[in-house]
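First comes the structure, then the notes that go with it.
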Amino acid sequence: MKLGSHTVAGMLGTWQEGPGPAHRRLSDRLRLLVLDGRLTLGSVLPSERDLAAALGTSRTTIGAAYRTLAEHGYLTTRDRARATVRLPDEAPPQPTAHTNAGTIDLSFAAPPAPVEILHAAFAAALQQLPRHFERHGYDRHGVAELRQAVADWHGRRGLPTSPGQIMITNGAQHALSLLTRTLVSPRDKVLIDHPTYPHAIKTLAEARARLVPVAVTSSGWDVEQLHAAGASAAMAYLIPDFHNPTGLCMPTDVRHNLKLTCPTVIDETMTDLALDEPSPEPFALHMPAAVSIGSVSKSIWGGLRIGWIRAAPSLLERIAQARPAMDLGTPVVEQLAAAVLLNKHQTRRPPALQELKTQRNALRRALNDYLPDLHAPQPTGGMTLWATFPAPFTSRLATIAPDHGVIIAAGPRFGIGGAFERNIRLPYTLPPNQLTHAIRRLAAARQALSQGTTGTHRPAPIA
Ligand SMILES: Cc1ncc(COP(=O)(O)O)c(C=O)c1O
C-alpha cells in the first residue's frame, strides 16, 4: 500500500520535539510506528522529497532517517524505488529492560486467569466432550451448548436472543475481522470512536477502509456527529460499554437517540466489568438492527479465545460462507468450557470486580503521589484509565519507559493521524504494589525525558 506524505506526516505526530539530531528522532519515530503495527509491513513510504515537504524539513534529514532504518532492516530501499517497510530478518535486539524479569508491562489491559474456576470448567468440558466425537468437529457457527449459553447470557441482560442469532468466534477480535470481511469493501467509509481499540483500527485499515473518526471526549459521544459521520458509512464500530481506552459508558439517552442507518457493530467486550453502577442496557435494545460482538476475554480470561457475534441469522449465514478463508471453526473443548462458565454466571464475579476496584484505587493513588499533573478521570467500569499529560510526548515516553522498567501504550496507538500524543492508557489489571512500582518508574522515565535521556526500545504488543 502506497502511503501519501500527509498520511505519514500525520502518523509521525510530534516527532520534531525532543533532544538529539532530527534524523535520529525521525528514524526512532518511524521504527516505533513499524514495531507497534501502525505502519504495516509492505507499506510504501513517500519519496524523500515529498516527505521533506510535508514535514517542513530537509531532504537530507529524511534520507538519513531512511538510511538508518534500512541499515537496521526496517526498510527496503532500492535505487529509484520508494522505501518499503519491512522487519529485520533477525528479531530486533531485545533491550535489557525487556529481558529483565522485573519489567512491569502496562501495555496489556487483560486480567490473569481465575485458576480454580477455569480448572473446574475444563474438567466439566472434558466430561461432555465424548458427545461430540461422532461428529467431524468443524462447526462454523459453534457448538449448540455454547450458542445456547451465549443466547441465555444476552437474555439475562434483558435482550431476548435465540441460539440461531449467535455465531461463536475465536474472540471478539476475530468477530470484528469476520464482520469487516463481510461488510466492508476497499475505500468504504467506516465510522469509529476516536480514540478506539487499536486492533480494530488495524483490522479496518487492512481492509482498506477509510476511517471516519468521531471524538469520544471526556463528556462522551455526540449524537449529531455520529449521525453525520454514519450517513455515508458502510459500517460503524462503537464500544459504548466501558469503552477501551477511556472507560466511558454511553448514557441511556444517547443510546436511545442514536439512529444510525449503516450496519452498526457494537463491541460489548467490557460490558460485564461494571464497577460502580449496574451493567449498561444492551445497545441492541435501542437499535434492534445493531450487531453485537463480545467475548469472555476480559470477564474471564483472554487465553480461552472465545467470543461471539449476535446478528440476524441471514448475516451469520453470509459470514459462515466466507469464514473458511480465515478459519474452520473454534476449538470444541474451549467452547464447552466457556458454556460451563457462562451457565454458572462466572462473567460477573463480585470478588473479581472488587479486586479490580481495589486496583483502580491503587493506581489512582499512585498517580496522585508520583504524577500529580497527569489528568486521569475515574471510569465507572472496564479496566483502563485514559490519562492526559499537559504536553504531547507520550510516544517518546513509551520509547524510553522500558529503560526504567515499565512498558506503556502511548496514546497515538488508539487513534489515527498521530492524535493523542498527550495521552496514555493505564490498565488496572495488576496487583496494587505492582501498579505503584510501575507508576513510580513511569514518573522516573518522564523525568529522564525532560532531562533529555533517550532510549532505543521496541514497543510491546497490545491487547
Ligand atoms: C474493545 C475490545 N474489543 C476486542 C478486544 C479483543 O478481545 P478478544 O480477546 O476477545 O479477541 C479487546 C481486547 O483488548 C478490546 O479491548
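Yeah, the sequence shown ends on 447 if you go by this note's numbering, and it's all consecutive. Every residue gets a Cβ at the ideal spot worked out from N, C-alpha and C, and that includes glycine.
Cut-off 8 Å between Cβ atoms - residues of its own chain near residue i, not counting five sequence neighbours on either side
i	result
Leu(-4)	Leu10, Arg13, Leu14, Leu17, Leu39 and Gly402
Gly204	Leu232, Met234, Pro235 and Val238
Thr83	Here Thr83 scores only 46 on pLDDT, less than 50, and its place in the model should not be relied on; the value that follows carries that caveat. Within the same chain, Thr83 has no close Cβ partners at all.
Arg66	Lys(-14), Val28, Leu29, Pro30 and Ser31
Gly287	Ala97
Leu257	Phe226, Lys282, Ser283, Leu337, Leu340, Gly365, Gly366 and Met367
Glu405	Gly(-3), Thr(-2), Pro376, Phe377, Thr378, Ser379, Ala394, Gly395 and Pro396
Any non-hydrogen atom of ligand 1 within 7 Å of residue i CB
i	result
Tyr181	yes
His178	no
Gln157	yes
Ser279	yes
Ala93	yes
Asp251	yes
Gly286	yes
Ile391	no
Ile223	yes
Gly395	no
Gly121	no
Gly21	no
Gly(-3)	no
Gly436	no
Gly291	yes
Cutoff 6 Å; reference residue i; Cβ partners in own chain excluding five residues on either side
i	result
Val134	Ile150 and Trp292
Leu244	Gly214 and Ala220
Leu130	Ile152, Gln319, Ala322 and Ala323
Thr68	Val28 and Thr60
Asn327	Ala133
Glu252	Asp225, Ser276 and Gly278
Asp260	Thr364
Thr45	Ala6 and His7
Ser(-11)	Pro30, Asp34, Leu35 and Ala38
Ala54	Thr61
C-beta contact flag for residue i and residue j at 8 Å
i	j	result
Thr24	Pro229	no
Leu325	Ile277	no
Leu195	Ile400	yes
Leu381	Ala371	no
Leu163	Val275	yes
Arg165	Ala306	yes
Pro448	Phe267	Any question about residue 448 goes unanswered here, given that the chain covers just -15 to 447.
Thr420	Ala360	no
Ile423	Tyr354	yes
Arg289	Gly142	no
Ala429	Ala385	yes
Arg294	His138	yes
Asp177	Leu222	yes
Ala298	Ala94	Here the sequence assigns Ser to residue 298, which means Ala is not the residue at that position. Not a contact, by the Cβ cut-off of 8 Å.
Gly86	Gly436	no
Thr314	Gly148	no
Gly21	Lys186	yes
Glu453	Phe377	It is not possible to answer for residue 453, since the shown part of the chain is limited to -15 through 447.
Buried versus exposed call for residue i [16 or more other C-beta atoms within 10 Å across all chains shown]
i	result
Ser216	exposed
Met310	exposed
Met254	buried
Val99	exposed
Leu35	buried
Leu90	buried
Tyr122	exposed
Ser42	exposed
Lys341	exposed
Phe398	buried
Phe503	What the structure shows of the chain is the stretch from -15 to 447, and residue 503 is not part of that stretch, so it cannot be assessed.
Leu188	buried
Val(-8)	buried
Ala107	exposed
Thr383	buried
Val317	exposed
Pro114	exposed
Cβ-heavy atom distance, residue i to ligand 2, below 7 Å
i	result
Asn228	Ligands in the displayed structure: ligand 1; ligand 2 is not one of them.
Contacts around residue i, its chain only, beta-carbon distance under 7 Å, and the 5 residues preceding and following it disregarded
i	result
Pro247	Leu167, Met219 and Val275
Gln330	Ile101 and Ile284
His56	Pro72
Leu312	Tyr122
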